[in-house]
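Letter by letter, the sequence shown follows residues 232 to 417 of the numbering used here. Cβ coordinates follow ideal geometry from the N, Cα and C atoms, glycine included. Notes to accompany the following structure.
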Amino acid sequence: MTEYKLIQRYRERDVPVSRITIHCNPQFSGERMTRFLENLQRYTSFNYLIDKDGNITEVIPEKYGSWSTGSPENDNAAINILCSLPRESVPCDWNANVPMQDPYYLTETVFNSLIRLCVDTVRKYGYKQLLWEADGNYKNVPKDAMIITMHKLVNPYGKGQGCVPELVEARFGDLASKVTEEVQDE
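See below:
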């Protein structure tokens with residue numbers, strides 16, 4: 232994992248890390264992702280980015296909550312991860328439950344890096360599972376569980392705003408299962 236620190240918006244955490252928030256952006260190399268973040272540094276930040284080749288880069292150290300969802304409460308408790316997505320010109324059919332008009336998807340390379348990063352995060356903070364609820368309704372979360380959130384579920388300006396395409400969101404249940412399985416196999 233490479234480390235690249237930008238002077239970006241962040242704050243000292245005053246609550247324990249209990250969430251992983253996933254963001255997406257069009258296909259970028261690590262260098263192009265870094266330039267993108269440099270241009271946005273007055274408005275947003277992320278703890279990690281995963282480029283199109285699956286390389287993981289730390290942007291803001293985990294001891295800080297990055298500014299990326301518009302929800303200080305979420306960002307204070309979340310590790311924020313920005314994933315690079317390619318745009319597919321031919322519709323893919325790996326998930327029949329997802330509308331084909333959504334051209335952005337998560338490659339296996341980026342997905343596998345996301346799994347590795349999430350496993351590391353869940354273990355590091357002493358949790359035993361990762362949960363995903365598509366409606367963002369996390370009532371009665373076990374104390375040994377981290378949760379996945381995304382911009383559109385925590386944005387105080389209204390649901391529906393966010394950066395995660397349906398083809399990516401459709402994989403979050405699989406992500407949670409794979410991470411939980413790896414963490415519990417330890």
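- Taking the Cα positions, Tyr-369 is about 19 Å away from Gly-357.
- The Cβ neighbour count for Ala-365, taken over all protein chains shown within 10 Å, is under 16; the residue is labelled exposed.
- Taking the CA atoms as reference points, Ser-299 sits about 17 Å from Asp-245.
- In this structure, the alpha-carbon of Val-385 lies about 24 Å from that of Val-341.
- Per DSSP, Glu-304 is one residue of the alpha helix (DSSP H) stretching across 303 to 308.
- Setting aside the 5 residues that flank it on each side, Cys-394 is surrounded in the same chain by His-254, Cys-255, His-382, each with a C-beta closer than 6 Å to its C-beta; the list follows chain order.
- Judged by beta-carbon spacing, Arg-250 lies within the 8 Å limit of Thr-380, meaning their Cβ atoms are closer than that value.
- Secondary structure of Glu-293 (DSSP, three-state): coil.
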